[in-house]
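Beneath this line is the structure, given in structure tokens, with notes to follow.
Residue numbers (mature numbering (1 follows the signal peptide of the UniProt record, and there is no 0)): -17 to -1, 1 to 374.
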């Protein structure tokens, strides 16, 4: 049967702002999994005894990432994963993993699954702080039961999904990560070992109504709202205003599009290539141009990060991306992220990251952008739909 599939996304906090592509080390604070999110000090929060409520002391907005839960095998083994439109493989730790990073995470036990099939192909991905290696296996992947919703399909199962079981996760890249693995949602051309990506199997097995998925990322402090929503098979018009602007994908690997960035100063003259990437926390671009951008907004380098005076937010310039002829404007409040309690310390939401040719140079429209603009990823027509997100 065909259906919509809704996955609630929770928020994970990092001490490193940029994960995907730059491959920087992740150091999240502890955050237990829960279908509901509530911030301490916000009126109307649930009772602390409510087992379905997650309470956090206010913390830096810029340390956010988004994750959800899947299950693999029969009976199901649960894993927390980052849904990443900047990669195409699914991987989780193996019970045979020898690294310290695996010890604190859920590990897949193939002998405990009656539907598991050995593939045995070696798997390897390089990261800035080390590498991830393992082997490829195959099993069914299931979305577990979630909060009630007319769009929710309980126990939706993808059959014969190949995924990587990590055997070695050296270094500290995943040592303290709250998530177990990554589920890639980019095009098949990016998949290591030629593995068929998860969403391609969703489409091939007729498990989604339409060959699209959409992402809504809520911002810090939105009451009971979960961290966001990932919707397979459709989009939810209640999460955006106006109509979607459909932007052609220029190259089918990442979700790559053509953009322009301007204002009082024009960057990437003549336009540039960018990717819409749920796995990157900030907006990244070529180091030289991002440095000019930091100067424009008055950001100064502090211990490797760019900071601004929080008291200047109201007088800092808006920054506008022009995409498929329409303006996408970020206010200073949107691209400057608050660190600490109140308005103590503000961080620029831009970061330099040089991606060499032939893949680059690329701008990366990460979570700072996606929080402001609801994003629909259309594989059927190879396009990205964008519209202002409802706060």
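Using N, Cα and C, we set each Cβ at its ideal position, and we do this for glycine too.
Inspect the beta-carbon positions of residue i and residue j and report whether they are closer than 8 Å.
i, j, result
"residue 171", "residue 54", "no"
"residue 242", "residue 257", "yes"
"residue 237", "residue 69", "yes"
"residue 163", "residue 88", "yes"
"residue 188", "residue 73", "no"
"residue 192", "residue 216", "yes"
"residue 267", "residue 349", "yes"
"residue 99", "residue 154", "no"
"residue 183", "residue 197", "no"
"residue 240", "residue 347", "no"
Could you pull out every residue in the same chain whose Cβ sits closer than 7 Å to the Cβ of residue i, ignoring the five residues on either side in sequence?
i, result
"residue 79", "150"
"residue 77", "90, 91, 117, 148, 149 and 150"
"residue 282", "289, 290, 291 and 331"
"residue 227", "359, 368, 369 and 370"
"residue 101", "120"
"residue 142", "123 and 188"
Please classify residue i: is it buried, with 16 or more other beta-carbons within 10 angstroms of its beta-carbon, or exposed?
i, result
"residue 278", "exposed"
"residue 286", "exposed"
"residue 58", "exposed"
"residue 232", "buried"
"residue 284", "exposed"
"residue 167", "buried"
"residue 161", "buried"
"residue 229", "exposed"
"residue 340", "exposed"
"residue 224", "exposed"
"residue 360", "buried"
"residue 152", "buried"
"residue 294", "exposed"
"residue 264", "buried"
"residue 321", "buried"
"residue 221", "exposed"
"residue 351", "buried"
"residue 259", "buried"
"residue 262", "buried"
"residue 309", "exposed"
"residue 202", "buried"
"residue 86", "exposed"
"residue 302", "buried"
Report all residues from its chain with a CB closer than 8 Å to the CB of residue i; omit the five preceding and five following residues, and keep chain order.
i, result
"residue 337", "269, 270, 343 and 344"
"residue 355", "311, 313, 317, 371 and 372"
"residue 234", "256"
"residue 60", "54, 89, 91, 92, 95 and 96"
"residue 297", "315"
"residue 81", "150 and 151"
"residue 254", "241, 242 and 243"
"residue 365", "231, 232 and 235"
"residue 169", "67, 68, 69, 70, 71, 180, 236, 237 and 238"
Taking 6 Å as the limit between beta carbons, can you name the residues of its chain near residue i, skipping five residues before and five after?
i, result
"residue 157", "84"
"residue 244", "250, 251 and 304"
"residue 194", "186, 362 and 363"
"residue 140", "123 and 125"
"residue 75", "62, 91, 163 and 164"
"residue 273", "333 and 335"
"residue 174", "71, 72 and 180"
"residue 357", "199, 222, 223, 370 and 372"
"residue 115", "108, 149 and 152"
Does any residue of chain D bring its CB to less than 8 Å from the CB of residue i?
i, result
"residue 122", "The structure shown has no chain D; it contains just one protein chain."
*Taking one C-beta from the stretch 358 to 369 and one from the stretch 326 to 342 each time, how about it: are there three or more such pairs within less than 8 Å?*
Flag = no, the stretch 358 to 369 and the stretch 326 to 342 do not touch.
*Considering only residues of the stretch 147 to 178, which uninterrupted alpha helix (DSSP H) runs meet the minimum length of 4 residues and lie entirely inside it, listed in chain order?*
Listed in chain order, nothing qualifies, since the stretch 147 to 178 has no complete alpha helix (DSSP H) run of 4 or more residues.
*3 or more residues per run - each beta strand (DSSP E) lying fully within the stretch 277 to 313*: If we require 3 residues or more, the beta strand (DSSP E) runs fully inside the stretch 277 to 313 come out as 283 to 285, 288 to 291, 302 to 306 and 309 to 313.
*If we count Cβ pairs, one from each stretch, closer than 8 Å, do we get three or more for the stretch 93 to 107 versus the stretch 119 to 128?*
As far as the Cβ criterion goes, the stretch 93 to 107 touches the stretch 119 to 128, which means the pair count is three or higher.
_Please give me, in chain order, every unbroken run of the beta strand (DSSP E) with length at least 3 that falls completely inside the stretch 98 to 125._
If you keep only unbroken beta strand (DSSP E) runs of at least 3 residues inside the stretch 98 to 125, you get 100 to 110 and 113 to 125.
_Segments assigned beta strand (DSSP E), at least 3 residues, entirely inside the stretch 183 to 240_ = Runs of the beta strand (DSSP E) spanning 3 or more residues and lying entirely within the stretch 183 to 240 occur at 195 to 200, 211 to 215 and 228 to 231, in chain order.
*Counting only runs of 4+ residues fully inside the stretch 317 to 364, write out the alpha helix (DSSP H) ranges in chain order.*
Along the length of the stretch 317 to 364, whole alpha helix (DSSP H) runs at least 4 residues long occupy 350 to 353, reported in chain order.
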